[in-house]
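*Asks:* Using my numbering, you'd call the opening residue of the sequence shown number -16 and step up by one each time.
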Amino acid sequence: MTTPAIHPLDPLGPAELEAAVAALRTGGDLTAGTRLISLELVEPSKEELRRFDEGMELPRRAFAVLLNAAVSTTYEVVVAIASGEIESRRRVDGVHPAIHPDEAVQAEAAIKADPAFLAALEARGITDVGSVMVDIWSAGNFGTADTERRVAKGLSWYRRGPTDNGYAHPVEGLVALVDLNAMAVLRVDDHGVTPLAEHDGNYGVDDVGPLREDLRPVEIVQPEGPSFEVDGFGVRWQKWRLRVGFTPREGLVLHTIGYEDGGRVRPVVHRASFSEMVIPYGDPSPTVFFKNAFDIGEHGLGPMTDSLELGCDCLGEIRYLDVSLVDTRGEVTTLKNAICMHEEDDGLLWKHLDWRTGRGEVRRSRRMVISSIATVGNYEYGFYWYLYQDGTIQSEVKLTGIVHTRGLAPGEDPVHGTVVAPLVSAPVHQHFFNVRLDMAVDGDRNSVYEVQTVADEPGPENPYGNAFHAEERLLRTELEARRSIDPLRARSWRIVNPDVRNGLGQPVAYDLMPGDNVQVFAAPDSSFRRRAGFVDHHLWVTPFAPGERYAAGEYPNGHAGGDGLPAWTAVDRSIEAADVVLWYTFGAHHVPRPEDWPVMPVVKLGFSLRPRGFFDRSPALDVPPPPGDHCAT
Ligand SMILES: [Cu+2]
-16 MTTPAIHPLD PLGPAELEAA VAALRTGGDL TAGTRLISLE LVEPSKEELR
34 RFDEGMELPR RAFAVLLNAA VSTTYEVVVA IASGEIESRR RVDGVHPAIH
84 PDEAVQAEAA IKADPAFLAA LEARGITDVG SVMVDIWSAG NFGTADTERR
134 VAKGLSWYRR GPTDNGYAHP VEGLVALVDL NAMAVLRVDD HGVTPLAEHD
184 GNYGVDDVGP LREDLRPVEI VQPEGPSFEV DGFGVRWQKW RLRVGFTPRE
234 GLVLHTIGYE DGGRVRPVVH RASFSEMVIP YGDPSPTVFF KNAFDIGEHG
284 LGPMTDSLEL GCDCLGEIRY LDVSLVDTRG EVTTLKNAIC MHEEDDGLLW
334 KHLDWRTGRG EVRRSRRMVI SSIATVGNYE YGFYWYLYQD GTIQSEVKLT
384 GIVHTRGLAP GEDPVHGTVV APLVSAPVHQ HFFNVRLDMA VDGDRNSVYE
434 VQTVADEPGP ENPYGNAFHA EERLLRTELE ARRSIDPLRA RSWRIVNPDV
484 RNGLGQPVAY DLMPGDNVQV FAAPDSSFRR RAGFVDHHLW VTPFAPGERY
534 AAGEYPNGHA GGDGLPAWTA VDRSIEAADV VLWYTFGAHH VPRPEDWPVM
584 PVVKLGFSLR PRGFFDRSPA LDVPPPPGDH CAT
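1) CA-CA distance, Pro145 and Ile119?
2) Run through DSSP, which three-state label would Gly10 get?
3) Rounded to whole angstroms, what's the CA-CA distance from Val112 to Ser139? Just pull it up for me.
4) Could you tell me whether the Cβ atoms of Ser355 and Lys319 are closer together than 9 Å?
5) Give the C-beta separation of Gln435 and Arg474 to the nearest angstrom, bearing in mind that I take them to be a contact with Cβ-Cβ under 8 Å.
6) Evaluate Lys334 with the Cβ neighbour count: other Cβ atoms within 10 Å of its Cβ, from every protein chain shown; 16 or more gives buried, anything less gives exposed.
7) Determine the closest residue to Leu308 out of Arg195, Glu379 and Arg232, with distance taken between C-alpha atoms.
8) What whole-angstrom Cβ distance do Tyr141 and Val115 have, given they're in contact under 8 Å?
9) Taking a contact to mean a Cβ-Cβ separation below 9 Å, would you say Gly217 touches Val227 in this structure?
10) Taking the alpha-carbon positions, what's the Gln221 to Ser601 distance?
11) Kindly confirm or deny that the segment 579 to 591 and the segment 385 to 396 touch, where touching means at least three C-beta pairs closer than 8 Å.
12) In the DSSP assignment, find the unbroken alpha helix (DSSP H) run with Arg514 in it and report its ends.
13) In chain order, what are the residue ranges of uninterrupted beta strand (DSSP E) at least 3 long that sit wholly in the segment 280 to 351?
14) Who are the Cβ neighbours of Val411 in its own chain at under 8 Å, not counting the five residues just before and after it?
15) Could you tell me the boundaries of the beta strand (DSSP E) in which Gln413 lies?
16) Just checking Val407 against ligand 1 - is the residue's beta carbon closer than 8 Å to any of the ligand's heavy atoms?
17) Per DSSP, which one or two residues make a beta bridge with Leu592?
18) In chain order, what are the residue ranges of uninterrupted beta strand (DSSP E) at least 3 long that sit wholly in the segment 206 to 242?
19) In angstroms with no decimal places, state the Cα-to-Cα distance between Leu157 and Val563.
20) Report the rounded CA-to-CA distance for Ala550 versus Thr525, giving the unit in angstroms.
21) I'd like the list of long-range same chain contacts for Gly596, defined as Cβ closer than 6 Å, with 5 residues on each side in sequence excluded.
22) Given this structure, state the Cα-to-Cα distance separating Ala453 from Ile353, to the nearest angstrom.
23) If you measure between the beta carbons of Thr9 and Ala52, is that distance less than 9 Å?
24) So does Leu588 have its beta carbon nearer than 8 Å to some heavy atom of ligand 1?
25) Over the uninterrupted beta strand (DSSP E) stretch that includes Gln435, give me the two end residues.
26) Report the rounded CA-to-CA distance for Thr130 versus Asp296, giving the unit in angstroms.
27) Under DSSP, the beta strand (DSSP E) around Phe597 begins and ends at which residues?
28) Would you check whether ligand 2 has a heavy atom nearer than 8 Å to the C-beta of Ile262?
29) Taking buried to mean at least 16 other C-beta atoms within 10 Å of its own C-beta, is Gln619 buried or exposed?
30) With C-beta atoms as the reference, is Phe273 less than 9 Å away from Phe125?
31) Note the first and the last residue of the continuous alpha helix (DSSP H) segment covering Glu30.
32) Is any heavy atom of ligand 1 found at a distance shorter than 8 Å from the C-beta of Val386?
33) Starting from Thr552 and walking both ways along the alpha helix (DSSP H), at which residues does that stretch end?
34) On the DSSP letters alone, give me the boundaries of the beta strand (DSSP E) that Asp173 sits inside.
35) Is the closest heavy atom of ligand 1 to the C-beta of His414 under 8 Å?
36) I'd like the span of the beta strand (DSSP E) that includes Asp562, first residue to last.
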């Protein structure tokens, strides 16, 4: 068997991770007292990629974040994979690196062995600590003495059996504070005993009573296989070309998305990824107020990514990609089927019936789906990218899993939550995502316009009062480009290449079309808002800078705030005719419903990138009619 040649954008494979870990051990960076928090590819620059295209080989390098837990010191180390040479080593002061899942497991064990915690359980009539599940939450930064340390908080639930849904039985009022570096419990705060909720919240086949019996099979058959080709991490589907990537922090990443047109591949997006996400809860009670986990920056989606199963998470002719990850000790594991690729029928693509002649043409839409799902404690996040035959790229998150719960005192009627079962409240919260789009519409030099519809003033030019038009406004600098959605004016943002014209003489462009979105409700001076400044605006635009990767900064865990987009864009750099990066923040309110219990049906949200004069006319005209002669006349 031949191994496909490694492309410079491919994620680090198992042998490369092993080599990097060995180099870190040899170099004295990974020792018994240090933890490997993350290890990922140093991605090549655009300049290097051009050299690769010209036939030059590029060296592979790994970027490691290491924590010396004994002295609470963080290091960033760059390793040359082939030679094992340590290229650079930098101590980063004043930061707390992300919490690796290994550490969460250890922190849970430490809490469950703590005498004060056991005593607090006993006060609640719980003597079998093995049935208690303690979820580890990032502690935020509320300006207390604790924030000097790398701390997390443990919240507890009780399982009535080995497969019981513990979230139905909150062990309310208990907050354990754990020092992750010392892996020691600092304190257990007990805010008062309430009775354990009795109702179960199980959802397995055997738990839910008779299943409906009127569902007949749907089979997706592609006898000639799917219409896409996968070569390593490279993907070709219809006229789309791209490379799939994966990082321990962002999970699924798409690289070099381009569209083949007139015999050449025209670039659209250089790199697309979920750069950050955060879920602020709106309940001021002591077991909830601090909950605003930055699941990407404080934890990392990679190790939480699910191994997907054929025919369950995706349906049809599926191609999977495996990815490899390291744990804090440097052990390499391969996650099978981490990324799923398949095609879906997408209903109508276009249609017209000439009603005078009875002649009709209709085409069905097919879309390419590239997806990955992360289980983040109680919740599932599905990250989906769709490519369409009309040149559209869509990004969608699917929210599902189990809503977070807290226990209620008898008679308590929660203002900031929904009662989903007796004595169980699901607190109100929001889910915010930031997608980083390093755009390249027909090249790197792009400008961004805000587009919205305006009504003309009534007057001699508008005598009938009917006139309205779309108005474009160039966003010249970073501060001008801090923008929010305005759906009533159909506001969108246009990424234009000022140097390239279409056949009609118009500059080629793609539009960023917002989907469902919301505003943030936490107070402007709250700890959460200082730390998650990227939720202040839906759109941010920056000139590309290699160090600007994540919307809330490189190290959001326990950070006091201000890092990331608010800091970078305060410089107010020019973004006109530049290599621009768009950062789009979108979110959902989640006022839980009884119907979200005990496991929540999927909620979808996202946005699209839609061609605007990128083509001279519909690029979907050459899609053939469905087989058979009954769909075209
Ligand atoms: Cu939610």
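Every residue gets a Cβ at the ideal spot worked out from N, C-alpha and C, and that includes glycine.
Remember, it's a predicted structure, so these values are computed and weren't measured experimentally.
*Replies:* Inspection of the coordinates gives the following:
1) 20 Å
2) Note: Gly10 maps to coil in three-state DSSP.
3) For Val112 and Ser139, the distance between alpha carbons rounds to 10 Å.
4) no
5) 4 Å
6) Here Lys334 is exposed. Its C-beta has fewer than 16 other C-beta atoms within 10 Å.
7) Arg232
8) 6 Å
9) yes
10) Linking Gln221 to Ser601 through their CA atoms gives a straight-line distance of about 15 Å.
11) yes
12) Ser510 to Arg514
13) Taking only runs of at least 3 residues, the beta strand (DSSP E) segments lying wholly in the segment 280 to 351 are 302 to 309 and 315 to 337.
14) Tyr264, Gly265, Asp266, His399, Gly400, Thr401, His572, His573, Val574 and Pro575
15) Element bounds for Gln413: His412 to Met422.
16) no
17) Within the DSSP secondary-structure output, Leu592 pairs in a beta bridge with Ile376 and Leu495.
18) 211 to 214, 217 to 220 and 223 to 230
19) 47 Å
20) 11 Å
21) Asn485, Gln489, Val491 and Ala492
22) 33 Å
23) no
24) no
25) Arg428 to Ala438
26) 40 Å
27) Run containing Phe597: none; DSSP gives neither H nor E here.
28) As far as ligands go, the structure on display features ligand 1 and does not contain ligand 2.
29) Because the chain spans -16 through 616 in this model, residue 619 falls outside it and cannot be assessed.
30) yes
31) Lys29 to Asp36
32) yes
33) Counting along the chain, the alpha helix (DSSP H) containing Thr552 begins and ends at Leu548 to Ala553.
34) According to the DSSP assignment, Asp173 belongs to the beta strand (DSSP E) that extends over Ala167 to Asp173.
35) Distances between the C-beta of His414 and the heavy atoms of ligand 1 include at least one below 8 Å.
36) In the DSSP assignment, Asp562 falls within the unbroken beta strand (DSSP E) covering Ala561 to His573.
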